[in-house]
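Enquirer: Below is one structure. I have some questions about it.
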Amino acid sequence: MVDENPRNQRGNPQPDLEEAELQNEKPSLRDRAVSLGNKAKNFFSKENLPFKSANPKEFLSNLRNRPRLYFSVLGGTGVVVLIALVGLATSFIAHEDRYEEKLSQSTKQQLTKLVEAEKGDGSIFDNLPTLRDNSNSHVHLSNEKQINTLIQKADILYSQGQTDEALQIFGDIAHTSSSIANHNLGVIRMRKHDYTGALQAFENAISANNNMSVNAIDAMVASFYLNNFDLYTRYLKVAEEHVQDLAKQPIYSYVYGLTLYYGGHYFETLSALTNPNSNLFNMDRQRLAAKMYLLFGDTTNALKNLNAIATPKDDKALGLLYAREGDYKRAIDHLQTYNGRYPGDKDVLVALEIIALKMGDFSGVSEILGSLLRGINKNKHQEKILTDTYPIEPVLNGNFFDVNTIRKDFWTTNFRDGLGLPIYRVLFYYAPYKLVDVKGALGSIQEGVFLVNSEGTQDLMGALDLLERSKKSSFANQHMIAGLKHLSASHLRLALKEFKRALEANPNSSVTHYDTGLVYAQLENFHKASFHFNKAYRLNNKNVLAGIFAVMAMYLDYRDPSALLKQLSSDFHSLHFKDPNERAFLNSFISYINGASNDDLGWLQEAKKPLSIYYALGVAYASRARDKQGLVDNFTALKKMHPHNMLTNVLYEMMLKYRADIRQMLGAYAFLTNKKTDFEELLHGPILARKMYIYMGFITGLLEHEEEQINMRLSSTQDKEMSIDLLRMLALIHIFQKQYEKSVGIYNALIDQMGDHEMEVYELASLSYIALKRFDDAALLLEIGKTMDSGNYDVRYGLGLLYQQAGNLEASLNNFSAIKTHNFHSTYFDFKLKEPTDSQDLR
């Protein structure tokens, strides 16, 4: 085939000359365009050999015969195809870039704003919470081993000549390494609390489209600490959309669990954490599982998971968990260990103090609070911060005021330690009063015989009439006689007024002090009761029962009676008694208050005319020995002696149903509504019976009926002292009914208008204010109560709780330190922990 280009023909004689001419005659632009057009016309004309072809096959054959033209066409076609492909790829990439740019535009804008905000003055980030430990927040991407394996594989492929495959792997390595580098940079910045910088790094890692769910989770955490919940939500969505990319990797279950956790699907999170597909991140997984279990109130499994991976720093958390379980010994061990390692963390001392409060260990409370206050130099601001870390709120004691707690724990808590069977109060309830020391009037009347049966009551009244007619009767005795008459009608307050007048006339009467002390004991003013019993015993040490009751009253008043008990025991052995039965009774009684757990009370069978107190002592011994039959036998005897006495009948029903469901005491339920019940004795006699009446009404659902009964009597009485008894019962009923405004109104009327300044009125009024969350009013009433009796433990305890709730630990210490016992538990006051207000403690 001849080349048609004359400039390339070897036979051309004057090639250089022609080129020179062409150079000298430079054609114009128009001439070159015309020439190019003609050439193209000639090239594509039918005269040109390739285009004379009849079919494509002939065309290709002709084209091959002209090699230069053939390769030019192929090259040109290739260039056109390549350009077309590049154009398509560029268009696709541009479209993807525009799509990604549109998708992440808001994210980048917010990141820019965060960077600018950090550069500005008065940055808001100075006030953000400190990130305590980010180790649980992110997933590490330490794939060095995997990358080294890929490098080795790529090297082998390259050495085998598989260049394209090797280059592809090297590209993947570079891509992955970039993602890992950005991820690890983000982690480093997180640990330095540079949350904005960390967020930028995680965003770059996400842009690499590698391990997107992992990077999105970390970006979420950074967004959380920046308080940017728009970004938080966006990254959460990314994590949820891409977590399945890891389905076949050992990291999957943990990452999936994190995604569910941050998405608020806590129950599902537990399933993912407790069913892992590998042992990777085992410590982090179990730590998060512990938090999830705690969220659902499962402290046992929370402890199990945390104990399995605990570090020294976890002693604090373990201590708090054990405290929540009520295992205070282990709780204290862990918290003290933590405090030894990290003495700068003062929060742990507050936790230890709260545990000591729950245990009733007030020497421990005082020691801890004293150490804490010295450690912060009594800084009021620091006090408030610490009390806000573990804030407490005073509440009503659930063992007394919550019906579900009572029904659940009655036999283990209420029966032995609460109102169910308070032995010392029961003994006071059945205790005998003493007659004035006039031999001619006594006749055949035994001390306290009027408490035994109706015949005894008639004997008492006859003796009192004889005393009253006696010309020898002194002014003091006249008041004593009047007081005893009020006792026969079960009017304790009226009797007390007469006994006080008798003491004014004769302050050195052992019998009058004894009877006055017993009235106070039955009205549950054990502070004044202990004073009068002590006085009665000092005036006459033969009045052994006064000494015994002085010891009991001191116990109930939280005072140490050990010195008096020692003297009483010593004096008793030196006394001589005409009646061996009386000596045996008193000996058994002294043994009981000395801690004896067994006594057959054989002397009781020899008693010709037994007193109620004898069987009450039998109840005390049976209770200490947990002897159900002994309890039943003794209350059976008491029931025969007092067939219409409400308290006796209710306690008897309790003994028959000992350890059964408290709601099954149908006999007690029926007796509360029985018209034969001696309501005069119930309403105006010992407070124990009144409280039991209301208490059982609360348990059995009869409070409304009881309220009606009391209101009817209140509307018909004109006596001030009688009205006080009824109003106090009505106010207590309103507390049990959770009608605290009504109870507050009644107690205020009792204090301000009727002059009732008994300590219990102030305590229960304060309790009502606490239930209304009017803590300042509650504290004011207890402060008044403290001026009346600075040694009252209930008052001190209530005040200590109220001051701690207000953030005043120094005032709390002043009140708690006044409680000297190691096992004090208030009947009325308790506290609960509130949610922490210190945000830095939440992690």
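When the sequence shown is numbered by my numbering, its final residue is 849 and no position is left out of the sequence of numbers. Think of the CB as a built atom: it goes at the ideal place given N, C-alpha and C, for glycine as much as any other residue. As the structure is a prediction and not an experimental result, all values here were calculated from the model.
Closest by CA to R589, which one among R431, L688, E612 and D339?
Expert: Position 583 of the sequence shown, counted from the first residue, corresponds to residue 589. Closest by alpha carbon: E612.
Enquirer: Have a look at K548, P282, F302 and F287 and flag the residue whose alpha-carbon is nearest the alpha-carbon of H271.
Expert: Along the sequence shown, one-based indexing puts residue 271 at 265. Out of K548, P282, F302 and F287, F302 has the C-alpha closest to the C-alpha of H271.
Enquirer: Leaving out the 5 sequence neighbours to the left and right, which residues in its chain are closer than 7 Å to H650 when beta-carbon positions are compared?
Expert: The residue given as residue 650 occupies position 644 in the sequence shown. Correct list, in chain order: K682, T683 and D684.
Enquirer: With distances taken from CA atoms, which of N313, D353, N188 and K548 is nearest K584?
Expert: Within the sequence shown, numbered from 1, the residue matching residue 584 stands at position 578. Here the closest residue by C-alpha is K548.
Enquirer: Helix, strand or coil for K584, going by three-state DSSP, please let me know.
Expert: Counting from 1 along the sequence shown, the entry for residue 584 is found at position 578. Residue state, collapsed to three classes: coil.
Enquirer: Per DSSP, L375 is paired with what?
Expert: Looking up residue 375 in the sequence shown gives position 369. Answer is none; L375 lacks a bridge partner.
Enquirer: Is T280 helix, strand or coil by DSSP?
Expert: Here residue 280 corresponds to residue number 274 of the sequence shown, with the count starting at 1. Correct three-state label for T280: helix.
Enquirer: Does the beta-carbon of S832 have 16 or more other beta-carbons within 10 angstroms, so that it is buried, or is it exposed?
Expert: Your numbering for residue 832 matches position 826 in the sequence shown. Answer is buried; the Cβ neighbour count reaches 16.
Enquirer: Whether or not the segment 717-734 and the segment 488-502 are in contact is what I'm after, with contact meaning three or more pairs of Cβ atoms, one per stretch, closer than 8 Å; do they touch?
Expert: With contact defined as three or more Cβ pairs closer than 8 Å, the segment 488-502 and the segment 717-734 are in contact.
Enquirer: Would a C-beta distance cut-off of 8 Å place Y268 and L232 closer than the cut-off?
Expert: One-based indexing of the sequence shown puts residue 268 at position 262. One-based indexing of the sequence shown puts residue 232 at position 226. The answer is no: Cβ separation not under 8 Å.
Enquirer: I'd like to confirm the pairing. Which residues does DSSP put opposite P400 in its beta bridges?
Expert: As a working note, residue 400 is residue 394 in the sequence shown. According to DSSP, P400 bridges with F837.
Enquirer: Are there three or more Cβ pairs, one per stretch, closer than 8 Å when the segment 799-816 is compared with the segment 379-392?
Expert: yes
Enquirer: May I have the straight-line CA-CA distance separating N717 from I757, to the nearest angstrom?
Expert: In the sequence shown, the residue the question calls residue 717 occupies position 711. In the sequence shown, the residue the question calls residue 757 occupies position 751. C-alpha separation (whole angstroms): 20 Å.
Enquirer: Take I776 and list the residues in its own chain whose beta-carbon comes closer than 6 Å to its own, dropping the five residues that flank it on each side.
Expert: By one-based count along the sequence shown, residue 776 stands at place 770. Correct list, in chain order: P400 and A784.
Enquirer: F287: buried (16+ other C-beta within 10 angstroms of its C-beta) or exposed?
Expert: By one-based count along the sequence shown, residue 287 stands at place 281. The residue is buried, with at least 16 neighbouring Cβ atoms inside 10 Å.
Enquirer: According to DSSP, is K322 helix, strand or coil?
Expert: Along the sequence shown, read from residue 1 onward, the residue named residue 322 stands at position 316. Three-state DSSP puts K322 in a helix.
Enquirer: Assign K352 to one of three DSSP states: helix, strand, or coil.
Expert: By one-based count along the sequence shown, residue 352 stands at place 346. Three-state result, K352: coil.
Enquirer: Taking only the alpha-carbon atoms, compute the straight-line gap between A626 and K319 and give it to the nearest angstrom.
Expert: Position 620 of the sequence shown holds residue 626. Position 313 of the sequence shown holds residue 319. So the alpha carbons of these two residues sit roughly 49 Å apart.
Enquirer: Look at the alpha carbon of E25 and the alpha carbon of A214, and state the distance between them as a whole number of angstroms.
Expert: Residue 25 sits at position 19 when you count from the first residue of the sequence shown. Residue 214 sits at position 208 when you count from the first residue of the sequence shown. With a pLDDT of 40 at E25, under the threshold of 50, the modelled position of that residue is not reliable, and the figure given next carries that caveat. Rounded to whole angstroms, E25 to A214 spans 58 Å at the Cα level.
Enquirer: Tell me whether F302 sits in a helix, a strand or coil according to DSSP, three-state version.
Expert: Here residue 302 refers to the residue found at position 296 when the sequence shown is read from its first residue. Here F302 sits in coil by DSSP.
Enquirer: Measuring CB atoms only, is the segment 729-747 touching the segment 786-800, in the sense that at least three cross pairs come out at less than 8 Å?
Expert: no
Enquirer: With distance defined between alpha-carbon atoms, name the residue in D762, H199, V193 and R507 nearest to E209.
Expert: To locate residue 209, count along the sequence shown from 1; it is residue 203. The closest CA to that of E209, considering only D762, H199, V193 and R507, is found on V193.
Enquirer: Less than 8 Å between CB atoms is the rule here; does T518 satisfy it with respect to chain C?
Expert: In the structure shown, chain C does not exist; there is a single protein chain.
Enquirer: Who are the near neighbours of L264 in its chain, counting only those whose CB is closer than 6 Å to its CB and skipping five residues on each side?
Expert: Position 258 of the sequence shown, counted from the first residue, corresponds to residue 264. Correct list, in chain order: I223.
Enquirer: Find the nearest neighbour of A622 within the set M660, F641 and E504, judged by alpha-carbon distance.
Expert: Here the question's residue 622 lines up with position 616 in the sequence shown. Nearest option by C-alpha distance: F641.
Enquirer: Using 8 Å as the threshold, is the C-beta distance between L562 and Y430 below it?
Expert: Working through the sequence shown from its first residue, we reach residue 562 at position 556. Working through the sequence shown from its first residue, we reach residue 430 at position 424. Their beta carbons are under 8 Å apart, which means L562 touches Y430 by this criterion.
Enquirer: For G703, which of helix, strand or coil comes out of DSSP?
Expert: Within the sequence shown, the letter at position 697 stands for residue 703. In the structure shown, G703 sits in a helix (DSSP, three-state: H, G or I).
Enquirer: Three-state secondary structure (DSSP) at R293?
Expert: As a position in the sequence shown, residue 293 is number 287, starting the count at 1. Helix, per DSSP.
Enquirer: So, is M850 buried or exposed, given that buried needs 16 or more other C-beta atoms within 10 angstroms?
Expert: Since the first residue of the chain shown is 7 and the last is 849, residue 850 is not available in this structure.
Enquirer: Let me know the secondary structure DSSP gives T155 once reduced to three states.
Expert: Looking up residue 155 in the sequence shown gives position 149. In this structure, T155 counts as helix in the three-state DSSP scheme.
Enquirer: At 4 residues or longer, what runs of the alpha helix (DSSP H) sit wholly inside the segment 190-262?
Expert: 201-213, 218-231 and 235-248
Enquirer: Contact defined as beta carbons within less than 8 Å: I believe Q528 pairs with Y435. What is the distance between those atoms, to the nearest angstrom?
Expert: Taking the sequence shown and counting its residues from 1, the one referred to as residue 528 is at position 522. Taking the sequence shown and counting its residues from 1, the one referred to as residue 435 is at position 429. That pair is a contact at about 7 Å.
Enquirer: Anyone know if the C-beta pair for A295 and L279 falls short of 8 Å?
Expert: Position 289 of the sequence shown, counted from the first residue, corresponds to residue 295. Position 273 of the sequence shown, counted from the first residue, corresponds to residue 279. Yes. Within cutoff.
Enquirer: If I measure Cβ to Cβ from A323 and keep anything under 7 Å in the same chain, skipping five residues before and after, which residues do I get?
Expert: Working through the sequence shown from its first residue, we reach residue 323 at position 317. Contacts found: L312.
Enquirer: Note down, in chain order, each residue of its chain lying with its Cβ closer than 6 Å to the Cβ of N307, except the 5 sequence neighbours on either side.
Expert: As a first step, residue 307 is located in the sequence shown; it is residue number 301 there, counting from the start. Only Y299 meet the Cβ criterion.
Enquirer: Suppose you measure from the CA of D655 to the CA of Q743; what does that come to, to the nearest Å?
Expert: Position 649 of the sequence shown, counted from the start, is the residue given in the question as residue 655. Position 737 of the sequence shown, counted from the start, is the residue given in the question as residue 743. The sequence given here places Asn at residue 655; Asp does not occur at that position. Rounded to whole angstroms, N655 to Q743 spans 25 Å at the Cα level.
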